[in-house]
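Data first, discussion second: the structure below is written as structure tokens.
In structure tokens, the structure reads:
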């Protein structure tokens, strides 16, 4: 659901922007005092509600889209405000302006809705205050739409001169230091209702999370579609129960060519467990890393088959020993 709303953000923004453009016209018509003015009240209130609700969906889908594109750090709701941005950081700067204009539009939408519900006599117009807030709302919406369009359709700069060649910047890998998508596993769909023990992963307690686009295929034992991925969290086993000591994080992704790609992330390896990582205090392996050869031996075709997956079983209680027969 989150991915669906994120991809529909360019479509959802049209409703609040359209309402913000139409509402000042209705508010202007509602200024006239006299008989027959009350239907214009209803029109203004209807448009204000439609714009506010549509703006709420647009704000949420825009945040989800920015998180999906790794433009907002995990755990944050706003893009970072760069005081001295470089020319290569124009996208982050534009996104921050887009968010500020959108949040301002939301605040003005609430004020406009409050203003159109002020107590008025039946022969009176709505007054200048709703029109004032409505015009500000319209301006903020157009500003947000301008910056949003600047990100999706950037302006093409003039061609550089022949004497000043421009060096092509290498693409920045957003997951160079940590698997950001895997760490955001809480936004994915959980497969097991509770942690289960996995003998294939060090007898740890694990839980699998899958993207919405691949959850049905994972449950059916079919290969994940390209672009989908599964994340497996793990906890160190202590006295036969899940503990609070987190173990490694696993991620299995299906690339565009249909081949699987593995990621192994253990940011802080306990000293007693460093034999599993070759003595390293932390481990981040992915792709064609030689340390993943053992894992690829089981996942060379993707996710594990259904009959080899760990399932939840309730522990059996020990039966009380039968009472010995009394001796004569």
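Numbering (this note's numbering), first residue to last: 2 to 329. Built from N, CA and C at the ideal position, the CB exists for glycine as well. Quick caveat: nothing in here was measured; it's all calculated off a predicted structure.
{"Asked": "Residue range of the beta strand (DSSP E) that residue 284 falls in?", "Found": "284-287"}
{"Asked": "Rounded to whole angstroms, what is the Cα-Cα separation between residue 70 and residue 287?", "Found": "20 angstroms"}
{"Asked": "Can you find at least 3 beta carbon pairs, one from the segment 38-55 and one from the segment 119-132, that sit closer than 8 angstroms?", "Found": "yes"}
{"Asked": "Please name the residue or residues paired with residue 261 in a DSSP beta bridge.", "Found": "255"}
{"Asked": "Can you name, in chain order, every residue of its own chain whose Cβ lies under 7 angstroms from the Cβ of residue 78, other than the five neighbours on each side?", "Found": "64"}
{"Asked": "Along the chain, where does the beta strand (DSSP E) that runs through residue 207 open and close?", "Found": "205-211"}
{"Asked": "What are the boundary residues of the beta strand (DSSP E) that residue 197 is part of?", "Found": "197-199"}
{"Asked": "Going straight from the alpha carbon of residue 74 to that of residue 221, what length do you get?", "Found": "33 angstroms"}
{"Asked": "Assuming residue 179 contacts residue 264 (C-beta within less than 8 angstroms), just tell me the rounded distance between them.", "Found": "The pair is not a contact, with the Cβ atoms about 10 angstroms apart (cut-off 8 angstroms)."}
{"Asked": "Determine the DSSP secondary structure at residue 111, reduced to helix, strand or coil.", "Found": "helix"}
{"Asked": "Go ahead and label residue 95 buried or exposed: buried means 16 or more other beta carbons lie within 10 angstroms of its beta carbon, across all protein chains shown.", "Found": "buried"}
{"Asked": "Could you give the DSSP three-state label for residue 25: helix, strand or coil?", "Found": "helix"}
{"Asked": "May I ask you to report which of helix, strand or coil DSSP gives residue 294?", "Found": "helix"}
{"Asked": "Does the separation of the CB atoms of residue 18 and residue 151 fall below 8 angstroms?", "Found": "no"}
{"Asked": "For residue 257, tell me which candidate among 268, 231, 226 has the shortest Cα-Cα distance.", "Found": "226"}
{"Asked": "Find out if the Cβ-Cβ distance for the pair residue 236, residue 206 is shorter than 8 angstroms.", "Found": "yes"}
{"Asked": "By Cβ distance below 8 angstroms, which residues in the same chain neighbour residue 139 in space, the five residues on each side in sequence not counted?", "Found": "21, 22, 24, 25"}
{"Asked": "Who pairs with residue 191 in a beta bridge, going by DSSP?", "Found": "210"}
{"Asked": "Tell me where the alpha helix (DSSP H) around residue 118 begins and ends.", "Found": "Per DSSP, residue 118 belongs to no alpha helix (DSSP H) and is neither H nor E."}
{"Asked": "How far does the alpha helix (DSSP H) with residue 10 in it extend, from its first residue to its last?", "Found": "10-13"}
{"Asked": "Since residue 109 and residue 134 should fall inside the 8 angstroms C-beta cutoff, what is the C-beta to C-beta distance between them, to a whole number of angstroms?", "Found": "6 angstroms"}
{"Asked": "So is residue 234 buried or exposed if we call it buried at 16+ other beta carbons inside 10 Å?", "Found": "buried"}
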